[in-house]
Amino acid sequence: MIGIHSLIATAAIRPVAHEHDVPPPLTTHRLLTDWQFAPVVTAGLAAAAAAYLLGIVLVRRRHPSRPWPIARTGAFFAGLAVIAVATESGLAAYDDVLFWVHMWQHLLLLMVAPPLLILGEPLTLLLHASRNPVHRWAVRLLRSRPIQWVTHPLVGVSAYTVTVVVTHLTSFMNLVLTNSTVHDLEHVWYLAAGYLYFLPLLGREPIRWRLTFPLRLFLLFLAMPVDTFTGVVLLQTSYEPFPAYIGRRDWGPSLLDDLHAGGAVMWIGGDGIMLVIMFAAFVAVLAGRGRMDMGRWLESLRAARFAALGAASGVGVQPPAENTRDGAGTDTDVDQQLAAYNAYLARLHAMEEHDSRGEQHSTTTGGSS
53 MIGIHSLIAT AAIRPVAHEH DVPPPLTTHR LLTDWQFAPV VTAGLAAAAA AYLLGIVLVR
113 RRHPSRPWPI ARTGAFFAGL AVIAVATESG LAAYDDVLFW VHMWQHLLLL MVAPPLLILG
173 EPLTLLLHAS RNPVHRWAVR LLRSRPIQWV THPLVGVSAY TVTVVVTHLT SFMNLVLTNS
233 TVHDLEHVWY LAAGYLYFLP LLGREPIRWR LTFPLRLFLL FLAMPVDTFT GVVLLQTSYE
293 PFPAYIGRRD WGPSLLDDLH AGGAVMWIGG DGIMLVIMFA AFVAVLAGRG RMDMGRWLES
353 LRAARFAALG AASGVGVQPP AENTRDGAGT DTDVDQQLAA YNAYLARLHA MEEHDSRGEQ
413 HSTTTGGSS
């Protein structure tokens, strides 16, 4: 936890900034307009966006009747936008000056961007858009034991808990503030921890774990005590545990008030975001059950119609299945069933041609006699 020994390291960690090093006071205008270009982040976001768009084009070309949903695309690009805001906007410009700004940056990278990316279902898009050998390789990777282990719900909960506690209640923050490489890696750490935590709880990605809604809700709720505990500890701290912040500005709240504001952001902001996520998950489940009931009714009518056609023609028919997924989230079984159904239609067409030719032959024979 936070130790008083961190105060002793003030001079060694960061000397008092000179006047020209002190940034101007933070205002709403600067927060919205003071963007700083980060080449690595920008390149990564552009590459992710381009790959996702390529997948959409391939899905539309190969499955014109089942284009990629617009809602998933919007969610994925919203997640990329949140990452850009957290790492290149005014938040990034002042995250090493104000602790409460740094805290908002953490919440965006840990609790907002990952759920949006997961709702975009990039792994499912990869499987739908790819062909062998890439498709086979992706399926094997998703079914591998390391992926099954790392995507386990308890691993995600542990990663979330460790991330929040270690980065806020130890001297790790001092290292982040004085080492830009560690600071950048911390952003990756937050994204990865948030992704692993929310993946089995919110997404429908092709992973092994399929949890019931009550269990998902419970695991989402578990994050709230972690946020609350961390926020309360920071609020009750009576000294500056991160001496690297000393001397970085000569305006704004005191170091202790800034620390307490960051604790309030973690407590109230973190719990508030989690409540919104839980409510959205609850609404999605209710809407999904309604669609499921209607879909089952329509599917039963369709199956009965196919059975009647098969009985009338004397040819067995298995109707195409719903758009379900196999263990790896692929549409392989659906494609095979559609191919079998197309073959059935071809046989029916051949039988109709044969019958029509027989009738024409009978008519011709009868007319000549």
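So the mapping is simple: our numbering equals the position in the sequence shown, first residue as 1, plus 52. Here a beta-carbon is modelled for each residue, glycine too, at the ideal position from N, C-alpha and C. What you are looking at is a predicted structure, and each value in this text was computed from that prediction instead of being measured.
Comparing C-alpha positions only, which one of the options sits nearest to residue i?
| i | options | result |
| --- | --- | --- |
| residue 248 | 227, 170 and 295 | 170 |
| residue 90 | 214, 308 and 235 | 235 |
| residue 216 | 280, 337 and 135 | 280 |
| residue 150 | 295, 240, 334 and 231 | 295 |
| residue 205 | 135, 264 and 191 | 264 |
| residue 115 | 339, 239, 180 and 255 | 180 |
| residue 252 | 304, 239, 201 and 123 | 201 |
| residue 326 | 271, 305 and 243 | 271 |
| residue 260 | 305, 88 and 196 | 196 |
| residue 267 | 209, 198, 311 and 228 | 209 |
| residue 207 | 250, 188 and 111 | 250 |
| residue 98 | 185, 132 and 241 | 132 |
| residue 278 | 223, 123, 212 and 229 | 212 |
| residue 106 | 254, 178 and 288 | 178 |
| residue 225 | 203, 256 and 311 | 311 |
| residue 254 | 228, 203 and 237 | 203 |
| residue 174 | 81, 192, 121 and 218 | 121 |
Please classify residue i as buried or exposed, where buried requires at least 16 neighbouring CB atoms within 10 angstroms.
| i | result |
| --- | --- |
| residue 282 | buried |
| residue 258 | buried |
| residue 334 | exposed |
| residue 231 | exposed |
| residue 319 | buried |
| residue 190 | buried |
| residue 273 | exposed |
| residue 303 | exposed |
| residue 245 | buried |
| residue 119 | exposed |
| residue 135 | buried |
| residue 166 | buried |
| residue 275 | buried |
| residue 290 | exposed |
| residue 176 | buried |
| residue 79 | exposed |
| residue 337 | exposed |
Could you spell out the range, first to last residue, of the alpha helix (DSSP H) harbouring residue i?
| i | result |
| --- | --- |
| residue 162 | Here residue 162 belongs to no alpha helix (DSSP H), and DSSP marks it neither H nor E. |
| residue 297 | Looking at the DSSP string, residue 297 is not in any alpha helix (DSSP H), and its letter there is neither H nor E. |
| residue 208 | 205–220 |
| residue 292 | No alpha helix (DSSP H) contains residue 292, which DSSP labels as neither H nor E. |
| residue 423 | Look at the range of the chain in this structure, 53 to 421, and you will see that residue 423 is not part of it. |
| residue 259 | Neither: residue 259 is in no alpha helix (DSSP H) and is coded neither H nor E. |
| residue 47 | Missing from the structure shown is residue 47; the chain here goes from 53 to 421 and no further. |
| residue 149 | Unbroken run through residue 149: none, as it is neither H nor E. |
| residue 122 | 122–140 |
| residue 103 | 91–114 |
| residue 191 | 186–195 |
| residue 78 | Counting along the chain, residue 78 falls outside any alpha helix (DSSP H), and DSSP gives it neither H nor E. |
| residue 174 | 174–181 |
Closer than 6 Å by C-beta to residue i: which residues in its own chain qualify, once you throw out the five before and the five after it? Chain order, please.
| i | result |
| --- | --- |
| residue 383 | Note that residue 383 scores a pLDDT of 46, beneath 50, so its modelled location is shaky; the value from the coordinates is reported in the next line. Excluding residues within five positions, none has a Cβ falling inside 6 Å. |
| residue 313 | 152 |
| residue 162 | 242 and 246 |
So, for residue i: in the same chain, excluding its five sequence neighbours on each side, which residues have a beta-carbon less than 8 Å away from its beta-carbon?
| i | result |
| --- | --- |
| residue 143 | 83, 137, 153, 156, 157 and 160 |
| residue 125 | 104, 108 and 172 |
| residue 317 | 152, 155, 156, 159 and 283 |
| residue 269 | 330, 333 and 334 |
| residue 85 | 142 |
| residue 309 | none |
Go through its chain and collect everything with a Cβ distance to residue i's Cβ below 7 Å, but skip five positions before and after it.
| i | result |
| --- | --- |
| residue 130 | 168 |
| residue 307 | 292, 297 and 298 |
| residue 139 | 90, 93 and 239 |
| residue 301 | 74, 75 and 149 |
| residue 127 | 168, 171 and 172 |
| residue 164 | 134 and 325 |
| residue 185 | none |
| residue 88 | 140, 144 and 145 |
| residue 187 | 179 |
Hey, would you say the C-beta of residue i is under 7 Å away from at least one heavy atom of the ligand GDP?
| i | result |
| --- | --- |
| residue 187 | The ligand GDP is not among the ligands present in this structure, which contains no ligands whatsoever. |
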